[in-house]
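Chains as they are written, first to last, in the working numbering: chain A, 1 to 103; chain B, 1001 to 1165. Ideal Cβ placement from N, Cα and C applies to all residues, glycine included. Being a predicted model, the structure only gives us computed values, none of them experimental. For reference, the structure is listed below as structure tokens.
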Amino acid sequence: MIEVGLNHFLVVSSILFSLGIYGVVTRKNAVMVLMGLELILNAANINFVAFAKYGNFGLGGQAMALFVIILAAAEAAIALAIVLNLYKTFTNVNVDEIDKLKE
Amino acid sequence: MSIYDVIFYLFAILTVGSGYLVVTSKNIVHAAFYLLFTLFGVAGLYVLLAADFLAIVQLMVYVGGILILLLFGVMLTNKVTDVKIRTGTIHIIPAVIGTGLLMGVIVSMMLRTNWKSEPGELLFTTTYGLGRILLTDYVLVFELLAMLLLIALIGAASIARRDNE
């Protein structure tokens, strides 16, 4: 095995990204779709941090990863509020059955 | 193989393996706990990439905040008295073909591209530098994100309890 370098981190993040896409397109439950989204955001973050280390750009990449984490927190809070509202209206949260904006 | 490589492979296997279980596990609560291991693995990768502050933020925000929020979402939108908290899946075969192709393309692109790799000097700790650029170069983004978080939290609270008006 060759020495661990930039490519290894990029491959791990690509696999994580593809798994996230798979979760988003196949899951029915809206909360599971959100988990797929978290995987995608984490994959992007690994890329930011890997290039920040191997690219000699200073700490800009790590600052971007920090911003992505903050955005993920805001997104999770809003999405959970919407999911709770959906559950109140339709009594389930399956994204393939909900095709109306209100009852 | 140096100790660095061994630790990298351990964390990579932890991340990818539990990531696979997150998207395939039938039980939602199990999937949430596998997501915990994925996030731990990503935090380990951050440590290997000399991002110590980010690793701690990852653990505190993701594991301590977002994962708990997701678990609340699971518990509040399913009848917990049901023994099986299960989720259905749709379009399995097209999704496997599509994401398989996507993964093949991205991984081969990542491996074939001749990335210019010139590591800068490794900092002993990044907290000082991160705090410095957050309040100089990125101060506008920092303030905007603070506003965004406030708006998002107020909006989430008002969306979630709209019927009490």
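Under 9 Å between C-beta atoms of residue i and residue j
| i | j | result |
| --- | --- | --- |
| residue 74(A) | residue 10(A) | no |
| residue 1024(B) | residue 1042(B) | no |
| residue 58(A) | residue 1131(B) | no |
| residue 1061(B) | residue 98(A) | no |
| residue 1066(B) | residue 76(A) | yes |
| residue 1032(B) | residue 1021(B) | no |
| residue 25(A) | residue 1051(B) | no |
| residue 178(A) | residue 1107(B) | No statement about residue 178(A) is possible, as the shown extent of chain A runs from 1 to 103 and does not include it. |
| residue 55(A) | residue 1116(B) | yes |
| residue 17(A) | residue 1138(B) | no |
| residue 1036(B) | residue 1074(B) | no |
| residue 85(A) | residue 1146(B) | no |
| residue 1053(B) | residue 1126(B) | yes |
| residue 89(A) | residue 102(A) | yes |
| residue 1002(B) | residue 38(A) | no |
Close Cβ partners of residue i (< 8 Å) along its chain, the five nearest in sequence each way excluded
| i | result |
| --- | --- |
| residue 87(A) | 93 |
| residue 1135(B) | 1142 |
| residue 62(A) | 48, 49, 52 |
| residue 1091(B) | none |
Rounded distance between the beta-carbons of residue j and residue i, thought under 8 Å
| i | j | result |
| --- | --- | --- |
| residue 1034(B) | residue 1018(B) | 5 Å |
| residue 52(A) | residue 60(A) | 7 Å |
| residue 1058(B) | residue 1071(B) | Actually they are not in contact, since the Cβ atoms of residue 1058(B) and residue 1071(B) sit about 18 Å apart, beyond 8 Å. |
| residue 7(A) | residue 1110(B) | 6 Å |
Own chain partners of residue i with C-beta closer than 7 Å, once the 5 adjacent residues on each side are dropped
| i | result |
| --- | --- |
| residue 1055(B) | 1043, 1046, 1047 |
| residue 95(A) | 28, 30, 33 |
| residue 100(A) | none |
| residue 1151(B) | none |
| residue 12(A) | 46 |
| residue 1008(B) | 1048 |
Check: residue i C-beta below 8 Å from any heavy atom of the ligand MG
| i | result |
| --- | --- |
| residue 77(A) | As far as ligands go, the structure on display features none, and thus does not contain the ligand MG. |
6 Å Cβ shell around residue i - same chain, five flanking residues per side excluded
| i | result |
| --- | --- |
| residue 1011(B) | 1041, 1044, 1045 |
| residue 1088(B) | none |
| residue 43(A) | 13, 16, 17 |
| residue 1140(B) | none |
| residue 36(A) | 20, 23, 24 |
| residue 64(A) | 48 |
For the stretch 75-89 of chain A and the stretch 1154-1163 of chain B, state whether three or more C-beta atom pairs, one from each stretch, are separated by less than 8 Å.
yes
Could I get the ranges of all uninterrupted alpha helix (DSSP H) runs contained in the stretch 1106-1134 of chain B, with 4 residues as the minimum, in chain order?
Considered as a whole, the stretch 1106-1134 of chain B harbours 1127-1134 as its complete alpha helix (DSSP H) runs of no fewer than 4 residues, in chain order.
Ignoring anything shorter than 4 residues or poking outside the stretch 15-96 of chain A, list the alpha helix (DSSP H) runs there in chain order.
30-54, 60-90
Please give the ranges of any alpha helix (DSSP H) in the stretch 1020-1056 of chain B, keeping only runs that are unbroken, at least 4 residues long and fully inside the region.
Whole alpha helix (DSSP H) segments, 4+ residues: 1028-1048.
Check whether the stretch 1091-1103 of chain B touches the stretch 20-33 of chain A, counting contact only when three or more Cβ pairs, one atom from each stretch, lie closer than 8 Å.
yes
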